[in-house]
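Below is one structure, written out as structure tokens; comments come after it.
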Amino acid sequence: MASLSLVNVCKTFKNGQIAVKDFNLDIKDEEFLILVGPSGCGKSTTLRMIAGLEEISSGELWIDGALMNLTVPQKRDLAMVFQSYALYPHLTVYENIAFSLRVRNIPQIEIEERVKKAADILCIRHLLDRKPFALSGGQKQRVAIGSVIVRKPKAYLMDEPLSNLDAKLRTQMRVELSKIHKELGATIIYVTHDQVEAMTLGTKIVVMNAGVIQQAAPPEVLYNNPVNKFVAGFIGSPSMNFIPVWVERREERICIVFSNNRLFLNEDNAHCLIESGYLGRRVYLGIRPEDFHETGPKEQAIKLKVEIKEVLGSDILLHGKIGGNPICGRLKPDFPSEAGTEVSIFADMNRILLFDLDTEENILDH
Amino acid sequence: MESVIEMAAKDINSDELENFKKKILKKALFRRRASKLILTILNLFVALFLLLPLLYAVSIAFMPSNELFTTNLNLIPSTPTFNNFRQAMAKIPLKRFIVNSFVVAGFITMGQIISCSLAAFSFSFLDFKGKNVLFMLVMATMMIPGEATIISNYLTVSSLKWLDTYQVLIIPYLTSAMGIFLFRQFYKSFPISLYESARIDGCSNLRFIYSILIPLTKSAIGAMAVYTFINAWNMYLWPLLVTGSDKMRTVQIGIGMLDSVDSQSISMMIAGVVMIIVPSISVFIIGQKQLIRGMFSGAVKG
Ligand SMILES: Nc1ncnc2c1ncn2[C@@H]1O[C@H](COP(=O)(O)OP(=O)(O)O)[C@@H](O)[C@H]1O
Ligand SMILES: [Mg+2]
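As they're listed, the protein sequences go chains A and B.
Following my numbering, the numbering of the first sequence begins with 292 at its first residue and continues without gaps.
Following my numbering, the numbering of the second sequence begins with 334 at its first residue and continues without gaps.
Have a look at this one:
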């Protein structure tokens, strides 16, 4: 396994499309790194540049201390799982898994041993004689993963490997991927557009938007302390609520005011706002659905007219609007609420975030 | 469903119901068989109609001349004979011609398959400067009719002292723009991720070609082989121009030698023709399995 380094990497396609801009990232040994972002933000392009399938327009790619910009994919010693699985249709599962070893002229006995071991890890021992067309989607996925884990490459690259599976299989494979990561002690670079996958799998997550890294951090940091409104809105499901609010001073305390609601900030946040001169200005309030509570002090109450109530079983989601901004709250199922009624919910003021109206950057430093 | 049947069956007992079901099934089976039979008969009829000239030629080849030149319509020889074949073989060295044609068509087929598939591989999988311009250039050659270049080609090969040899029949046809085009079209539908995956697995281009690409494009290769072989087998103008001796002639030229002014025998000529179409038809029959087979079920996703 190995460590990778990307320095100022840019990618401009022949048609002038800029897919990746100034990408700087260090990937440590044994890290499970996730590239996440909306569709078309340049995740696959970044991964393909690392693999050598796409030329790097400018910048440097270092793998284990060697500059790899111009090295052909064959010589980079990486392994990749494709979204489309890329199994060879004329070869059996065994031969598919063994292919990369055969290419390397590894002795027959060792090939057999390693294929069997990989098949055992993925529980596909009984499928070894089948051809890909006789496999289900989930089985194909396992074979595709099997054919990369037989090798001991410097890093595993995976481009949305679970996106063709149904929800249940996806959850199951997610757990298995986590296990494989621990078992192999592998460096994995994993692309997904699904933030749940990112949060559950990654030891470090890189959130991208329009070809630019927004934030690279462990999952908890992304969740609790996103650097800007984009990351805050992207991570978490249902996503964070944003409301433009006024910052005002009332009764010797700092509060935020929006359409007949007034919330008092805690000491730290109030201090922070005054310091950076936001008093009397407009900012975005960001609050996650799960940071609303059924009870609390009166000064934290927000009135919400419920438009839709979604029952999830363990929780309920209340959807409504405050001053034209869609608001979603996640509450306990026994909370008395019906669509069409007005309820009071209580915001957890220690967990709110505030963002600059123009730069959309996080104002509070938690 | 069941409830509907039960409701209808309320007033008849179970035996009657069974009989009724059997009758319906029988009827359906009969209808299915009848329509199949009609289709088969129709097919046979059309096939017979289309093949009539060919079958008639085969039949003539076995007819003594006197049966052919009568006012009666003799579709089938009343006294079949191998005489025509014997005569044809005696008049011209047909065996030699057939061997020549096989050698020439075989080498051309192999050459074209190899050169065209490799060229098409570079055009569709590799990325290099001037790729599109080069491809256009190759395609542009298709617009020049072969007859336009035949004289200059003749002068070239004669200055190389190649006239009346195998290489003069084979080498100018070792590649073809049409072949490159066809292979490229076929590779276009080939999932590029298989190539990328193989490369990351450490597979070289050549290895990819023989262990992935060729097995997966067998049907295209088969189709190309049949097409090229038959074309090469039927070549006429070029062999006529560059070969002079019996040793080097191909069948299509040789067959013309059966037709001479002084002793014209139609049945003998047709016997010769029948003998030389046998190989090309058999190539087609052997190759057609490959033509039909599709290899792409389950290549990607599922
Ligand atoms: N070969 C290409 N030529 C031109 N533009 C491309 C090419 N491949 C991708 N792009 C563009 O680059 C951007 C990033 O693509 P990609 O990395 O595939 O996004 P994603 O994050 O969804 O994987 C997209 O806007 C896409 O349209
Ligand atoms: Mg992608």
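Using N, Cα and C, we set each Cβ at its ideal position, and we do this for glycine too.
Alpha helix (DSSP H) segment containing residue i, residue limits
i: Glu652(A); result: Careful: Glu652(A) lies outside any alpha helix (DSSP H) and carries neither H nor E.
i: Lys354(B); result: Ser347 to Ala394
i: Asn399(B); result: Ser398 to Leu401
i: Val522(A); result: Lys520 to Phe525
i: Tyr560(B); result: Lys551 to Trp566
i: Lys464(B); result: Lys464 to Ala473
i: Gln491(A); result: Before going further, note that residue 491(A) is Thr rather than Gln in the sequence given. Looking at the DSSP string, the run of the alpha helix (DSSP H) that includes Thr491(A) is Gln486 to Leu492.
i: Leu576(A); result: No alpha helix (DSSP H) contains Leu576(A), which is instead part of the beta strand (DSSP E) from Arg573 to Ile578.
i: Glu386(A); result: Val384 to Val394
i: Val497(A); result: Counting along the chain, Val497(A) falls outside any alpha helix (DSSP H), though it belongs to the beta strand (DSSP E) covering Lys495 to Asn500.
i: Tyr379(A); result: Segment: none, Tyr379(A) is in no alpha helix (DSSP H) and carries neither H nor E.
Under 9 Å between C-beta atoms of residue i and residue j
i: Arg553(A); j: Phe583(A); result: no
i: Leu644(A); j: Ala523(A); result: yes
i: Pro413(B); j: Phe395(B); result: yes
i: Ile309(A); j: Lys319(A); result: no
i: Pro364(A); j: Glu480(B); result: no
i: Glu488(A); j: Val327(A); result: yes
i: Ile588(B); j: Ile446(B); result: no
i: Val538(A); j: Leu513(A); result: no
i: Asn376(B); j: Pro397(B); result: no
i: His472(A); j: Phe323(A); result: yes
i: Ser450(B); j: Met557(B); result: yes
Contact with chain A by residue i, beta-carbon distance below 9 Å
i: Arg540(B); result: yes
i: Met524(B); result: Met is not the amino acid found at residue 524(B); the sequence shown has Pro there. At least one chain A Cβ lies under 9 Å of Pro524(B).
i: Gly631(B); result: Per-residue confidence for Gly631(B) stands at a pLDDT of 35, beneath the threshold of 50, marking its modelled position as unreliable; the derived number appears in the next sentence. Yes, contact with chain A.
i: Pro297(B); result: One cannot answer for residue 297(B) here, as it falls past the ends of chain B, which runs 334 to 635.
i: Leu383(B); result: no
i: Lys634(B); result: In this prediction, Lys634(B) has a pLDDT of 35, which is less than 50 and means its spatial position is unreliable; what the coordinates show is noted afterwards. Lys634(B) counts as touching chain A.
i: Met628(B); result: Legend: pLDDT at Met628(B) = 39, less than 50; position of this residue unreliable, value from coordinates given subsequently. Judged by the 9 Å Cβ criterion, Met628(B) is in contact with chain A.
Under 8 Å from the C-beta of residue i: neighbouring residues of chain A
i: Ser530(B); result: Met371, Phe373 and Ala377
Listed by chain order, chain B residues near residue i by CB distance under 7 Å
i: Ala342(A); result: Ile533
i: Gly390(A); result: The question names Gly, but residue 390(A) in the sequence shown is Phe. Chain B residues near Phe390(A): Asp534.
i: Arg405(A); result: In chain order: nothing, as chain B lies at least about 14 Å away.
Where residue i meets chain A, residues with beta-carbon distance less than 7 Å
i: Pro505(B); result: Within chain A, no residue comes near Pro505(B); the closest Cβ sits about 35 Å away, beyond 7 Å.
i: Ile545(B); result: Tyr379
i: Leu527(B); result: Ala377 and Tyr379
is_contact[residue i, chain B] using C-beta, thresh 9 Å
i: Leu655(A); result: no
i: Asp647(A); result: no
i: Gln365(A); result: yes
i: Leu338(A); result: no
i: Glu433(A); result: According to the sequence as given, residue 433(A) is Arg; it is not Glu. Chain B contact via Cβ: absent.
i: Leu644(A); result: no
i: Asp420(A); result: no
i: Arg442(A); result: yes
i: Asp368(A); result: yes
i: Ser438(A); result: yes
Limits of the unbroken beta strand (DSSP E) element including residue i
i: Trp537(A); result: Asn532 to Arg541
i: Thr303(A); result: Leu295 to Thr303
i: Gly611(A); result: Ile607 to Ile613
i: Ser537(B); result: Here Ser537(B) belongs to no beta strand (DSSP E), and DSSP marks it neither H nor E.
i: Glu322(A); result: Segment: none, Glu322(A) is in no beta strand (DSSP E) and carries neither H nor E.
i: Tyr506(B); result: No beta strand (DSSP E) holds Tyr506(B); DSSP gives it neither H nor E.
i: Glu404(A); result: Looking at the DSSP string, Glu404(A) is not in any beta strand (DSSP E); the run it does join, the alpha helix (DSSP H), is Gln399 to Ile412.
i: Arg553(A); result: Asn552 to Phe555
i: Gln506(A); result: Val503 to Ala508
i: Tyr481(A); result: Ile479 to Thr483
Residues that residue i contacts on chain A, provided the C-beta gap is smaller than 9 Å
i: Ser537(B); result: Gln365 and Val394
Neighbour flag for residue i against chain D, beta carbons, 9 Å
i: Leu448(A); result: The chain labelled as chain D is not found among the protein chains of the depicted structure, namely A and B.
Pair every Cβ in the segment 624-636 of chain A with every Cβ in the segment 589-601 of chain A, then say whether three or more of these pairs are closer than 8 Å.
By the Cβ criterion, the segment 624-636 of chain A is in contact with the segment 589-601 of chain A, since at least three pairs of Cβ atoms, one from each stretch, lie closer than 8 Å.
Given 8 Å, three or more beta-carbon pairs between the segment 417-424 of chain A and the segment 379-388 of chain A
yes
I'd like to know if the segment 493-502 of chain B and the segment 574-591 of chain B are in contact, where contact means that at least 3 CB-CB pairs between them fall below 8 Å.
yes
Is the segment 475-484 of chain A touching the segment 442-449 of chain A, taking contact as three or more C-beta pairs under 8 Å?
Proximity of the segment 475-484 of chain A to the segment 442-449 of chain A meets the contact definition, three or more beta-carbon pairs being nearer than 8 Å.
Would you check if there are 3 or more beta carbon pairs closer than 8 Å linking the segment 558-570 of chain B to the segment 529-546 of chain B?
no
Determine, using beta-carbon pairs with one atom in the segment 538-547 of chain A and one in the segment 569-581 of chain A, whether at least three such pairs fall under 8 Å.
yes
Between the segment 349-365 of chain A and the segment 396-413 of chain A, do three or more beta carbon pairs fall short of 8 Å?
no
Do three or more CB pairs link the segment 604-616 of chain A to the segment 491-505 of chain A at distances below 8 Å?
no
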